[in-house]
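**Student:**
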Amino acid sequence: MLLIFFSLAIFGISKQTSSLNSTCPVEYWNLINTDSIPNGDIHAEWMRQNWSRRDNMFQSELRLLNGYLYAEFIAVTTTVQYKTGKPAFCRYFDCNQREIPNSTWQSSFFPLNTVYCVRRAGAKYVSISFEKNGFYAKPAVPLMFRAFEEPIHEIGMCVGPFYGPEKRWLTLIEFVEHMRIYEVSMFYFTIFDMDGYSRLALDEYERQGLAETTVIQTEYTQLDWMFHLIQLHDCFHRSRSHSKWVINADIDERFVMLHPDLTLIQLLKSQHQNVGELNFQARRIQKTENSPEKYNNLLEAIDNLEALKFLKTAKTRIWESSKSIYRPEKVAVQTYHHTHLQYFGVIVKNIPRDVAMFRHYRITTVRNSIGNGWIYGDNFTDTGLEPELEKLLVHKVANMVEHVYELSK
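As structure tokens, this is what we get:
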């Protein structure tokens, strides 16, 4: 693991474990105090302009999701969506979850459900309160180390949230194995509601070191698209410093390269250092029935793979549902399909349609607020994956399905 060293030298800190008191040993990288947030001035200006404001769930409780520790600051994600620009106070706790004296720091909610906090030496847990000495959200959350000198992964993937009654076990495996072919090495999942049968596959990917999961607990009994932005911003912070490039997509969307002499890694490495986001068009494919409820046999599972079963594709590739691959440290605010705000000098590029795109397996049996009028008419053609890609995908899915579900029949 590569740790961040440059700021330690500034503070004259040696690479030894220290102790701020007799009961909590403190690692050398956790002996830092800071007094400001990077880009704090531009954040304040964006807050005044109401950027990232989403007035959803006005009565939602303040619950903490995660705390991420970077070299110069901390990001705390919450379940609150209606406090953008409002004051928030960072509270810091030692390894025994005792509050560190005189450590409180005033911040604000930005972006959306996030509170940026300064570093405090010895802090192992963090929380947020609306008033300086008021009640803080409990329990405090442990700080997740993200102060890497270089990202661990070249490509990570923020996967859209899971909710709803459909069993996702086969779709999950097909999705992960498809994207692993394109050298995605870390998947960041967010779970609102997931059945135990599908969770078997996700747990196995976590065990193999290929996935990390945020489970969101709220007071709401039913969740919908309004919670999607919570997932986007938590994953935005989780992936920062951990993955160099991050693909933002839902589980029913699959990236494909169309240029025979260019890989995704090559495309990303060819970008200028100021490029912070690449956008790709999508083509919608009619998914006319749900995935199977459970595993019966391997042949049936393969027959139900979305890439093999659903081919009816809209001829038009649209930007309205485009998807992005971005550099987390270069952007400030996320929205559903792409980044919303980028820092000064960052370039956003649209990738030509003949280079790469997303295939979106869009369910046709459920009407929603986005609408499904696109399924009518004759503007469709049958399309599939390139034969070698399809063959490799079937092989990888078959191995994982048998590994997880054959013994659980």
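Quick note, the sequence shown lines up with residues -19 to -1, 1 to 390 if you use mature numbering (1 follows the signal peptide of the UniProt record, and there is no 0).
Using N, Cα and C, we set each Cβ at its ideal position, and we do this for glycine too.
Which two residues bound the contiguous beta strand (DSSP E) that contains Leu322?
**Tutor:** Run containing Leu322: 320 to 323, per the beta strand (DSSP E) assignment.
**Student:** Is Arg308 close to chain B, meaning its C-beta is less than 9 angstroms from at least one C-beta of that chain?
**Tutor:** No chain B is part of this structure, which consists of one protein chain only.
**Student:** Could you compute how far the alpha carbon of Thr345 sits from the alpha carbon of Lys293?
**Tutor:** Using only the alpha carbons, I get a separation of about 12 angstroms.
**Student:** Taking the alpha-carbon positions, what's the Lys250 to Ala337 distance?
**Tutor:** Approximately 15 angstroms, taken between the alpha carbons.
**Student:** Are the stretch 220 to 227 and the stretch 303 to 313 touching, with three or more C-beta to C-beta distances below 8 angstroms?
**Tutor:** With a cut-off of 8 angstroms, the stretch 303 to 313 and the stretch 220 to 227 count as touching, because enough Cβ pairs lie within range.
**Student:** Flag this pair as touching only if the stretch 44 to 52 and the stretch 212 to 226 have three or more C-beta atom pairs under 8 angstroms; answer yes or no.
**Tutor:** Yes, the stretch 44 to 52 is in contact with the stretch 212 to 226.
**Student:** Decide yes or no for the touch test of the stretch 50 to 66 against the stretch 101 to 111: beta carbon pairs closer than 8 angstroms, at least 3 of them.
**Tutor:** Yes: at least three Cβ pairs fall under 8 angstroms.
**Student:** Quick check: the Cα distance between Phe74 and Asn94, rounded to an integer number of angstroms?
**Tutor:** Each residue's alpha carbon lies about 21 angstroms from the other.
**Student:** Quick one: measure Cβ to Cβ for His214 and Thr58, integer angstroms, because I've assumed they're closer than 8 angstroms.
**Tutor:** The pair is a contact, with the Cβ atoms about 6 angstroms apart (cut-off 8 angstroms).
**Student:** Comparing alpha-carbon positions, which option in Gly177, Gln315, Lys275, Phe70 lies nearest Thr85?
**Tutor:** The option with the nearest alpha carbon to Thr85 is Phe70.
**Student:** Just mark Gly257 as buried or exposed, buried being the case when its beta carbon has 16 or more other beta carbons within 10 Å.
**Tutor:** With 16 or more other Cβ atoms within 10 Å, it is buried.
**Student:** Can you list the beta strand (DSSP E) stretches of 3 or more residues lying completely in the stretch 97 to 160, in chain order?
**Tutor:** Qualifying beta strand (DSSP E) stretches, in chain order: 106 to 110, 122 to 126, 134 to 140.
**Student:** Taking only the alpha-carbon atoms, compute the straight-line gap between Asp184 and Met175 and give it to the nearest angstrom.
**Tutor:** The alpha-carbon atoms of Asp184 and Met175 are separated by roughly 12 angstroms.
**Student:** Per the DSSP calculation, Ser305 is bridged to which residue(s)?
**Tutor:** Note: Ser305 sits in a beta bridge opposite Asn229, Asn260.
**Student:** In the structure shown, what three-state DSSP assignment does Asn380 receive?
**Tutor:** In the structure shown, Asn380 sits in a helix (DSSP, three-state: H, G or I).
**Student:** Along the chain, where does the alpha helix (DSSP H) that runs through Cys5 open and close?
**Tutor:** Where Cys5 is concerned, there is no enclosing alpha helix (DSSP H), given that its DSSP letter is neither H nor E.
**Student:** Run the CB neighbour count on Thr244, radius 10 Å, all protein chains shown included, and call it buried at 16 or more, exposed below.
**Tutor:** Thr244 should be labelled exposed.
**Student:** Starting from Met338, follow the alpha helix (DSSP H) in both directions and report where the run begins and ends.
**Tutor:** Met338 -> not in any alpha helix (DSSP H); beta strand (DSSP E) instead, spanning 337 to 344.
**Student:** Taking a contact to mean a Cβ-Cβ separation below 9 angstroms, would you say Val99 touches Asn14 in this structure?
**Tutor:** Yes, these two residues count as a Cβ contact at 9 angstroms.
**Student:** Look up Glu281 in the DSSP assignment and say whether it is helix, strand or coil.
**Tutor:** Of the three classes helix, strand and coil, the one that applies to Glu281 here is helix, per DSSP.
**Student:** Opposite Ser179 in the DSSP bridges: which residues?
**Tutor:** Answer by DSSP bridge pairing: none, since Ser179 is not bridged.
**Student:** Using three-state DSSP, classify Ser224 as helix, strand or coil.
**Tutor:** Note: Ser224 maps to strand in three-state DSSP.
**Student:** In this structure, does DSSP put Lys268 in helix, strand or coil?
**Tutor:** Here Lys268 sits in strand by DSSP.
**Student:** Note down, in chain order, each residue of its chain lying with its Cβ closer than 6 angstroms to the Cβ of Tyr386, except the 5 sequence neighbours on either side.
**Tutor:** Answer for Tyr386: Tyr276, listed in chain order.
**Student:** Closest by CA to Val196, which one among His384, Asn31, Ala182, Pro142?
**Tutor:** Comparing Cα-Cα distances from Val196 to each of His384, Asn31, Ala182, Pro142, the minimum goes to Pro142.
**Student:** Return the bridge partner residues of Trp86 from the DSSP annotation.
**Tutor:** Beta-bridge pairing links Trp86 to Cys71.
**Student:** Exposed or buried, Glu287, counting other C-beta atoms within 10 Å across all chains shown (16 or more means buried)?
**Tutor:** Per the 10 Å Cβ criterion, buried.
**Student:** Shortest alpha-carbon distance to Tyr117 belongs to which of Arg44, Ala104, His253?
**Tutor:** When only C-alpha atoms are compared, the closest one is Arg44.
**Student:** Would you mind giving the Cβ-Cβ distance between Val327 and Val312, rounded to the nearest angstrom? I have them listed as a contact below 8 angstroms.
**Tutor:** So it is a contact: roughly 7 angstroms between Cβ atoms.
**Student:** Does the beta-carbon of Phe261 have 16 or more other beta-carbons within 10 angstroms, so that it is buried, or is it exposed?
**Tutor:** Label assigned to Phe261: buried.
**Student:** Leaving out five residues before and five after Val165 in sequence, what residues of the same chain have Cβ atoms less than 6 angstroms from its Cβ?
**Tutor:** Closer than 6 angstroms at the Cβ level, and outside the excluded window around Val165, lie Ile136, Met138.
**Student:** Taking 8 angstroms as the limit between beta carbons, can you name the residues of its chain near Arg361, skipping five residues before and five after?
**Tutor:** According to the sequence as given, residue 361 is Phe; it is not Arg. Taken in chain order, the residues that qualify are Gln267, Lys293, Thr294, Ala295, Lys296.
**Student:** For Glu80, list the residues DSSP reports as bridge partners.
**Tutor:** Phe74.
**Student:** Does Glu155 pass the burial test, meaning 16 or more other C-beta atoms within 10 Å, or should it be called exposed?
**Tutor:** So Glu155 counts as buried.
**Student:** Using the Cα positions of Pro368 and Ile172, report the straight-line distance between them to the nearest angstrom.
**Tutor:** Answer to the nearest angstrom: the Cα atoms are 33 angstroms apart.
**Student:** Buried or exposed for Lys119, going by 16 or more other Cβ atoms inside 10 Å?
**Tutor:** It counts as exposed.
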